[in-house]
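Residue numbering for the sequence shown follows our numbering, beginning at 151 and increasing consecutively. What follows is a short report on a single structure.
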Amino acid sequence: MTGSLLGAAAPGFERPLEVLEACHGRIAKQCDTLEKILAHLPAHGADAQAQQAARAVLAYFDTAAVHHHDDEERNLFPLLERAGAPGACDLVETLTLEHDELALLWWRLSPALRQLGAGAANALDAALARRFIALNRSHLEFENTHVLPLARQALGAADVERLGRAMAARRGVPFAGRP
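See the structure below:
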């Protein structure tokens, strides 16, 4: 058997564009979990399941999602601009503004999730949570259909390696090298 019982292995930082895409999938799953929390709360309140789910969403968006936006803003976007990728400057401006809006929405949403995760609250601002979910989903869709294909086309091997090294360093893990 060549596959893992746990599913496909996550790509390594020697394939940074695939890491970014995999992260998009994890962000989408956390948005799904947040939707499930919203549906769960009216009937069950802050029971153990809601608390656990809230803590999982918090853990992801407080750490991995922050690294992800840093990967894009500090490394991927400048590489696209330097490579002269068509439309990169406009893309970068739009996506950076969306990152800022997502960060603001998260800043507003996370305190209630912390309370929920501790069992100290029974509700979330549903409109705020849905806005956060919707913006994340549209943002991810745009990046997956426009930004990542552009990066695959515009970036050379040295740029891709530079991106992977920076991403690994941000997380304090060794860079394994080329695939």
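C-beta: ideal position from N, C-alpha, C; glycine also. Remember, predicted model here, so these are calculated numbers, not experimental data.
Spatial neighbours of residue i within its chain, please: C-beta separation below 6 angstroms, excluding the five flanking residues on both sides.
i                 : result
histidine 218     : Cys173
phenylalanine 211 : Trp256
Under 8 angstroms between the Cβ atoms of residue i and residue j?
i              : j                 : result
alanine 140    : phenylalanine 163 : One cannot answer for residue 140 here, as it falls past the ends of the chain, which runs 151 to 329.
alanine 271    : alanine 196       : yes
leucine 290    : alanine 178       : yes
isoleucine 283 : glutamate 222     : no
arginine 165   : alanine 214       : no
isoleucine 187 : alanine 200       : yes
alanine 262    : leucine 274       : yes
valine 297     : leucine 245       : yes
alanine 206    : threonine 183     : yes
arginine 264   : cysteine 181      : no
Taking the alpha helix (DSSP H) that residue i falls in, what are its first and last residues?
i              : result
asparagine 286 : 276-292
arginine 264   : 238-267
threonine 183  : 166-194
leucine 298    : 298-304
glutamate 223  : Glutamate 223 -> no alpha helix (DSSP H), and no H or E assigned at all.
Starting from the C-beta of residue i, find all residues in its chain whose C-beta is less than 8 angstroms away, skip the five residues before and the five after it, and write them out in chain order.
i            : result
arginine 312 : Asn225 and Leu229
alanine 319  : Phe325
Short of 7 angstroms in beta carbon distance, which residues of its chain neighbour residue i, apart from the five on each side in sequence? Order them along the chain.
i              : result
glutamate 168  : Pro161
leucine 266    : Ala196, Ala200, Gln201, Ala204 and Leu274
glycine 153    : Confidence in glycine 153 is poor, its pLDDT being 45 and thus under 50, which makes the residue's placement too unreliable to answer from.
methionine 151 : Note on methionine 151: pLDDT 33, under 50, position unreliable in the model; the coordinate value appears next. Cβ neighbours of methionine 151 beyond the five flanking positions: none.
Does the distance between the C-beta of residue i and the nearest non-hydrogen atom of the ligand GDP fall short of 7 angstroms?
i           : result
glycine 162 : What this structure holds is no ligand at all, so the ligand GDP is not there to describe.
Below 8 angstroms on the Cβ atoms is my contact criterion, and I expect residue i with residue j to pass it. Report the Cβ-Cβ distance as a whole number of Å.
i          : j                 : result
valine 242 : phenylalanine 227 : 4 angstroms
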